[in-house]
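Written below as structure tokens is the structure these notes are about.
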Amino acid sequence: MAGQPLTIETSDDLRIAEFRDIRERDLTGRQSRFIAEGTVVLRMLADAHAAGRGFSAEKILLLRNRLDGVAEILDRFPKDVPVYVADADVLDGIVGFNMHRGVLALGRREQATEAMLLDALPQEALVLVGCGISNHDNAGSMFRNAAAFKADAILLDETCCDPLYRKALRVSVGSVLSMPYHRGGDALALLSGLAERGFAIWTLSPRGETDIRQIPASNRMALVVGTEGEGLPEAVLSRFRSARIPQSDGLDSLNVATATGIALFAISSVMARI
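Note that the UniProt record's numbering numbers the sequence shown so that position 199 is 199, with each residue one more than the last.
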């Protein structure tokens, strides 16, 4: 089990400084550290640590009355991970708002390189690629969709938001911690790396040439989605095959999270994964 609970009496206790004002000062991007929020995400962090996925917990902060409810999860963390507990008024003062869930962890990620991730993929693989995804809710939903429809990995270009942002992680229901992913680099460079490894690359656009239901099966497939509004860059659309999701006249596009779910379902179906 993680360390025996230590009581925090004041919000300015230096032992929990990383949790202070997390809404305004998210830890994403700071030495690969991030805030995990809620029981489900805490469990996923424990699973990820146990499975050796490159995630670990540095410390845990709980509302005192949540301690018994997460005891089984705490048992799965190493003994050297400190656990701090605080009463509601102190916890709210630490995080900067009314913390209903009362479960927080400071996590750390050791990121593998893009090449390491791609080279570790199985011979039959499905990869989701995001370009310019700037909305954290959409990013989290994309990870949840990828996990639901059995994708093997996610690649995010350098213009995408960090999926370890607290809200994205929460929306993903912890799937960011279970889905292999890499963030960084130019979109065309990422796609070239996939093409070199034999992936059939399909971009998703309202003006796509092929009905998503008519995409032919391939052992290795990649779905590429862009940000809402602008969509994918022309340099990407002009280089790779494109698919569309048929929809009512007069509607220009779907929310990227919804579109990703529909498209992944279609591709996973043609690959006989679901």
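Cβ atoms here follow ideal geometry from the backbone N, Cα and C, with glycine treated the same way.
Out of curiosity, what's the CA-to-CA distance linking residue i and residue j?
i: residue 91; j: residue 68; result: 17 Å
i: residue 43; j: residue 231; result: 35 Å
i: residue 148; j: residue 142; result: 10 Å
i: residue 261; j: residue 145; result: 5 Å
i: residue 66; j: residue 101; result: 8 Å
i: residue 170; j: residue 99; result: 14 Å
i: residue 133; j: residue 34; result: 19 Å
i: residue 160; j: residue 94; result: 29 Å
i: residue 214; j: residue 265; result: 13 Å
i: residue 269; j: residue 118; result: 22 Å
i: residue 197; j: residue 227; result: 25 Å
i: residue 263; j: residue 73; result: 34 Å
i: residue 88; j: residue 189; result: 48 Å
i: residue 108; j: residue 224; result: 28 Å
i: residue 237; j: residue 203; result: 7 Å
i: residue 62; j: residue 128; result: 35 Å
i: residue 205; j: residue 172; result: 23 Å
i: residue 60; j: residue 157; result: 31 Å
i: residue 83; j: residue 4; result: 6 Å
i: residue 246; j: residue 105; result: 42 Å
i: residue 184; j: residue 250; result: 35 Å
i: residue 125; j: residue 241; result: 18 Å
In or out: residue i buried (at least 16 other Cβ within 10 Å) or exposed?
i: residue 212; result: buried
i: residue 150; result: exposed
i: residue 37; result: buried
i: residue 113; result: exposed
i: residue 219; result: exposed
i: residue 199; result: buried
i: residue 274; result: exposed
i: residue 122; result: exposed
i: residue 221; result: buried
i: residue 138; result: buried
i: residue 52; result: exposed
In the DSSP assignment, find the alpha helix (DSSP H) that holds residue i and state where it starts and stops.
i: residue 81; result: Counting along the chain, residue 81 falls outside any alpha helix (DSSP H), and DSSP gives it neither H nor E.
i: residue 150; result: Per DSSP, residue 150 belongs to no alpha helix (DSSP H) and is neither H nor E.
i: residue 22; result: Where residue 22 is concerned, there is no enclosing alpha helix (DSSP H), given that its DSSP letter is neither H nor E.
i: residue 166; result: 166-171
i: residue 274; result: Residue 274 -> no alpha helix (DSSP H), and no H or E assigned at all.
i: residue 89; result: 88-95
Looking at the secondary structure, which residues open and close the beta strand (DSSP E) in which residue i lies?
i: residue 193; result: No beta strand (DSSP E) contains residue 193, which is instead part of the alpha helix (DSSP H) from 187-196.
i: residue 108; result: 103-109
i: residue 127; result: 125-131
i: residue 153; result: 153-156
i: residue 183; result: 181-183
Just to confirm, does residue i get its C-beta within under 7 Å of one of the non-hydrogen atoms of the ligand GTP?
i: residue 232; result: With respect to small molecules bound, the structure shown includes none, and the ligand GTP cannot be examined in it.
Item to check | Contiguous alpha helix (DSSP H) assignments of at least 4 residues, all confined to the stretch 38-68 | outcome: Along the stretch 38-68, the alpha helix (DSSP H) occurs as fully enclosed runs of 4 or more residues at 39-50, listed in sequence order.
Checklist entry - At what residue ranges does the stretch 202-263 contain a whole run of the alpha helix (DSSP H), taking only runs of 4 or more? => result Within the stretch 202-263, complete alpha helix (DSSP H) segments of at least 4 residues are found at 234-237, given in chain order.
Checklist entry - For the stretch 191-198 against the stretch 163-175, are there 3 or more C-beta pairs whose distance is under 8 Å? => result No: fewer than three Cβ pairs fall under 8 Å.
Checklist entry - Are the stretch 201-216 and the stretch 74-88 in contact at 8 Å, needing three or more beta carbon pairs? => result The answer is no - the stretch 74-88 does not touch the stretch 201-216, with fewer than three Cβ pairs under 8 Å.
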